[in-house]
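Here is the structure we will look at, set down as structure tokens.
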Amino acid sequence: ERRRATFLLPGSLPLGWHTLMADVDGAPRAQAVLAVTPDRLEFPALRHGRGWGVTAQVYSVRSRHSWGFGDVRDMAEVASSSGTWA
């Protein structure tokens with residue numbers, strides 16, 4: 175039987191991975207992983223300019239080697255090629 179629960183967490187948790195554990199009478203201990211991340215990342219090299227990037231869905235990057243629906247090798251080719259566009 176599955177049930178839902180809500181927990182209030184302190185706003186001052188340190189950055190990183192945490193394990194939440196809940197004990198309920200008569201039930202096995204429940205566990206969940208919690209990732210605490212910063213609100214934003216600062217990149218000193220971009221402090222005074224705009225950055226840009228390339229995005230692509232794996233299924234949209236096709237080649238004759240990937241049977242027409244994209245794979246990791248096709249994405250590696252996109253990543254390699256995008257470094258020469260700047």
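Residue numbers (this note's numbering): 175 to 260. All residues carry an ideal CB built from backbone N, CA and C; glycine is no exception.
Enclosing alpha helix (DSSP H) for residue i [first to last residue]
i	result
residue 251	246 to 256
Rounded Cβ spacing between residue i and residue j (contact assumed at less than 8 Å)
i	j	result
residue 249	residue 232	6 Å
residue 159	residue 209	Lying outside 175 to 260, the shown extent of the chain, residue 159 is not represented and no answer is given.
residue 235	residue 207	Contact doesn't hold; Cβ gap of about 30 Å is too wide.
Given residue i as reference, the closest of the options once Cα atoms are compared
i	options	result
residue 211	191, 255, 230	191
residue 226	238, 256, 213	256
residue 189	230, 213, 238	213
residue 181	218, 194, 221	194
| task | Just list the beta strand (DSSP E) runs in the region 185 to 219, keeping only unbroken ones of 3 residues or longer that don't cross its boundaries, in chain order. | result | 190 to 196, 204 to 210
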